[in-house]
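Novice:
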Amino acid sequence: MSDLRKAASGTPAPDVDDLVRAVLDVWSAVVDPGAVHADVTMVQVGLTVDDAVEIVSLLNQWLGSNLTVELLFALRTPRRIAAVLRSRGVVPPPGGRPAPTAAASDGTGAESAQGWQGYWETTYRFSGANAEDGFNTAGWFNHDTPTSIPPQHMREWVDTTVRRLDALSPRRVLDIGCGAGLIMSRLAARRDRYLGLDFSLEAIERARRLTSADPALAAVELLHADARSAGRITGPFDLVLLNSVIQYLPSVEHLYEVIGSATRALAPDGAFFLGDIVNRDLSRTCQVMKLATGGPAETTAGEFRRSVRAAMARTTELHLAHADLDRIASSLGPGFSVRTLVRRGRAPTVMNRFRFDALLSATGRDARAAERRLDWRPEGPSPLETLTACLDDRVESLVLRSVPDARTCHAVRLAEEIDAAAEHETLGRIRRRVVRTESVHPEDAWALGEARGYGVAVSPSASIGHVDMAFALGRDEWAAASLR
Numbered sequence: 001m002s003d004l005r006k007a008a009s010g011t012p013a014p015d016v017d018d019l020v021r022a023v024l025d026v027w028s029a030v031v032d033p034g035a036v037h038a039d040v041t042m043v044q045v046g047l048t049v050d051d052a053v054e055i056v057s058l059l060n061q062w063l064g065s066n067l068t069v070e071l072l073f074a075l076r077t078p079r080r081i082a083a084v085l086r087s088r089g090v091v092p093p094p095g096g097r098p099a100p101t102a103a104a105s106d107g108t109g110a111e112s113a114q115g116w117q118g119y120w121e122t123t124y125r126f127s128g129a130n131a132e133d134g135f136n137t138a139g140w141f142n143h144d145t146p147t148s149i150p151p152q153h154m155r156e157w158v159d160t161t162v163r164r165l166d167a168l169s170p171r172r173v174l175d176i177g178c179g180a181g182l183i184m185s186r187l188a189a190r191r192d193r194y195l196g197l198d199f200s201l202e203a204i205e206r207a208r209r210l211t212s213a214d215p216a217l218a219a220v221e222l223l224h225a226d227a228r229s230a231g232r233i234t235g236p237f238d239l240v241l242l243n244s245v246i247q248y249l250p251s252v253e254h255l256y257e258v259i260g261s262a263t264r265a266l267a268p269d270g271a272f273f274l275g276d277i278v279n280r281d282l283s284r285t286c287q288v289m290k291l292a293t294g295g296p297a298e299t300t301a302g303e304f305r306r307s308v309r310a311a312m313a314r315t316t317e318l319h320l321a322h323a324d325l326d327r328i329a330s331s332l333g334p335g336f337s338v339r340t341l342v343r344r345g346r347a348p349t350v351m352n353r354f355r356f357d358a359l360l361s362a363t364g365r366d367a368r369a370a371e372r373r374l375d376w377r378p379e380g381p382s383p384l385e386t387l388t389a390c391l392d393d394r395v396e397s398l399v400l401r402s403v404p405d406a407r408t409c410h411a412v413r414l415a416e417e418i419d420a421a422a423e424h425e426t427l428g429r430i431r432r433r434v435v436r437t438e439s440v441h442p443e444d445a446w447a448l449g450e451a452r453g454y455g456v457a458v459s460p461s462a463s464i465g466h467v468d469m470a471f472a473l474g475r476d477e478w479a480a481a482s483l484r
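Put into structure tokens, the structure is as follows:
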């Protein structure tokens, strides 16, 4: 550590200024847009371990450094961090941008939107170049460790999203929040028209470089604009896509505004795909999981609950429940309805475990009753045994409700036990008594049904930590999602 301290005590060279600004940009986005400057200490801005993890994750991803949370706290100031990174040969990109200033709060959520805009501008600016295939995962990292999400996990997330969108067979797509083209690069080539818009100029410029380099994407249209500008775009579009975008909107009211505006560009039989939505019903469970994973066994239930409350209070992302989507669908007019699906994938990411997709369309009115409807009961056969028996009978359609979800049910039970525990009971003791019970991984249900010719839909259940599974013989997952 002595060499790091020595480097940290030196005066940074002028070409480190961009890096200092980068640190300040992250700091302002993570902590609070405000008067944060290079000599403000972490204690003065109230930096927490969660904030430190996010800063370290982004800097490591942007700059290829190996900063640690421990070192971040030890060095205390952005200027010292810059000096240490510089001593390791980390050179920031040229042409830095000024540190962001605080937006005045007007009660509309505009300051939140501006904060996220600054976050993404900086993230794209300082991240590495796009891969040849457009695979750019800037800004994606594990929230509980200071590491980027493994590339294979991100590729699974992209591939499952594109397959789900392909199943809708859209010819004309409006992609709101297209970013640098992570989804666009894999979806646009097979469409008659594809228009992507994003509020980040850096993202649009990266997407333009991608489309310029690939003849298959030459017809893609790109627009630097706010999501609420969608209504001014000439349609019609079969599909309006907001994938992994909603969590960055400042409020549900803002989402109403975006969707209401985009409706003017929607074809009469078109649909909205809202992807990677943070599930509000599982928000607290997600925080419990993050804090409990590797947390000290001697932490008391009271201390842990206070930490969870503090983490929830710091959350700036927009979380939605099914009821929110029902209200949005109702606002779009008669016939609109919602179909929801949990995320596909086996990787143990936050996206797969605690997020879901939704389709809002007027064609959802073809909902029909399943030939067989069952509620799973713990005292009966295992869910997979029940499913196998029914599907081997070649039942035309089946709905099995309230199946424990192997990805979330244990975390839900742990959260419940922590909430019910005495003030001084330790986390270690609580963990030991929460045993794993019978559950089904959604991917096992998909594999079972698809192998027998069924379209399979796995949706969030009314019971938290559970899912409803629907099977439609000879159909796709969206048809299965219409079963009741």
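Throughout the sequence shown, residue numbering follows the UniProt record's numbering, covering 1 to 484 in sequence.
Where is the CB? At the ideal position from N, CA and C, for every residue including glycine.
All of these numbers come straight from a predicted model, not from anything done at the bench.
1. In whole angstroms, what separates the C-alpha of H153 from that of D238?
2. Assign D159 to one of two classes, buried (16 or more other C-beta atoms within 10 Å of its C-beta) or exposed (fewer than that).
3. Relative to the C-alpha of I464, which candidate in L282, T300, A369 and P381 has its C-alpha closest?
4. Just verifying my parser: in three-state terms, what is the DSSP assignment at V395?
5. Please report the straight-line C-alpha distance between residue 485 and A362, rounded to a whole angstrom.
6. Can you check which of these residues, T211, R353, S382 and S331, is closest to L341 by C-alpha distance?
7. Alpha carbon to alpha carbon, how far is S169 from A470? Give it in angstroms, no decimals.
8. For the candidate residues A451, S459, V240 and V458, whose alpha-carbon lies nearest to that of G474?
9. Is the beta carbon of S229 sitting closer than 9 angstroms to the one on L197?
10. Is A216 buried or exposed, if buried means 16 or more other CB atoms sit within 10 Å of its CB?
11. For V434, which residues of its own chain have a beta-carbon under 6 angstroms away from its beta-carbon, when the five flanking residues on both sides are left out?
12. DSSP on D357, reduced to helix/strand/coil?
13. Provide the residue(s) that pair with A457 in DSSP beta bridges, ordered along the chain.
14. DSSP puts V440 in a beta bridge; with which residues?
15. Return the bridge partner residues of H224 from the DSSP annotation.
16. Keeping to the same chain, check which residues put their C-beta closer than 8 angstroms to that of P378; ignore five residues upstream and five downstream.
17. Between N136, E385 and I430, which lies nearest to W376 when the distance is taken from Cα to Cα?
18. Pick out the complete alpha helix (DSSP H) segments inside the segment 269-321, 4 residues or longer, and give them in chain order.
19. Taking all protein chains shown into account, do 16 or more other C-beta atoms lie within 10 angstroms of the C-beta of A406, making it buried, or fewer, making it exposed?
20. Using a 10 Å radius around the Cβ and a threshold of 16 neighbouring Cβ atoms, would you call S461 buried or exposed?
21. Do H466 and C409 have their C-beta atoms closer together than 9 angstroms?
22. Would you check if the segment 185-192 and the segment 208-224 touch, i.e. whether three or more CB-CB distances between them fall below 8 angstroms?
23. Which class does V69 belong to by DSSP, given the choice of helix, strand or coil?
24. For A297, I'd like the list of residues in its chain whose CB is within less than 7 angstroms of its CB, leaving aside the five on either flank, ordered along the chain.
25. Determine the contact status of G179 and A203, defining contact as a CB-CB distance below 9 angstroms.
26. Smallest Cα separation from residue 541: which of R484, D392, L59 and N279?
27. Please classify A271 as buried or exposed, where buried requires at least 16 other C-beta atoms within 10 Å of its C-beta.
28. In whole angstroms, what is the alpha-carbon distance linking L241 and G181?
29. Let me check understanding here. Comparing Cα to Cα, which of A219, T161 and D166 lies closest to D192?
30. In whole angstroms, what separates the C-alpha of E396 from that of E371?
31. My output table needs one value for D175: the three-state DSSP class, helix, strand or coil.
32. How would you label T293, buried or exposed, when you count the other beta carbons within 10 angstroms and need 16 or more for buried?
33. Below 9 angstroms between beta carbons: does that hold for Q247 and V288?
34. Secondary structure at D476, three-state DSSP: helix, strand or coil?
35. Between the C-alpha atoms of R401 and H224, what's the straight-line distance to the nearest angstrom?
Specialist: This is what the structure gives:
1. Cα to Cα, the separation comes out at about 29 angstroms.
2. exposed
3. Answer by Cα proximity: L282.
4. coil
5. With the chain represented from 1 up to 484, any question about residue 485 goes unanswered, as that position is not in the structure.
6. Relative to the Cα of L341, the nearest Cα in the group T211, R353, S382 and S331 belongs to R353.
7. 21 angstroms
8. If you compare the alpha carbons of A451, S459, V240 and V458 with that of G474, the shortest gap goes to A451.
9. yes
10. Exposed: under 16 other Cβ atoms inside 10 Å.
11. Hits under 6 angstroms: R413, L414 and E417.
12. The answer is strand: DSSP assigns D357 an E or B state.
13. A470
14. D405
15. D198
16. Short of 8 angstroms from the beta carbon of P378, and not among the five residues preceding or following it, lie these beta carbons of its own chain, in chain order: T437 and E438.
17. E385
18. Within the segment 269-321, the complete alpha helix (DSSP H) runs of at least 4 residues are 283-292 and 301-314.
19. A406 comes out buried.
20. buried
21. Cβ atoms of H466 and C409: closer than 9 angstroms.
22. yes
23. helix
24. T426, L427 and G428
25. Their beta carbons are under 9 angstroms apart, which means G179 touches A203 by this criterion.
26. No answer is possible for residue 541: it lies beyond the span of the chain, which begins at 1 and ends at 484.
27. A271 is classed as buried because its beta carbon has at least 16 other beta carbons within 10 Å across all chains shown.
28. 13 angstroms
29. Of the listed residues, the one whose Cα sits closest to D192 is A219.
30. 7 angstroms
31. strand
32. exposed
33. Taking 9 angstroms as the Cβ cut-off, Q247 and V288 do not qualify as a contacting pair.
34. coil
35. 43 angstroms
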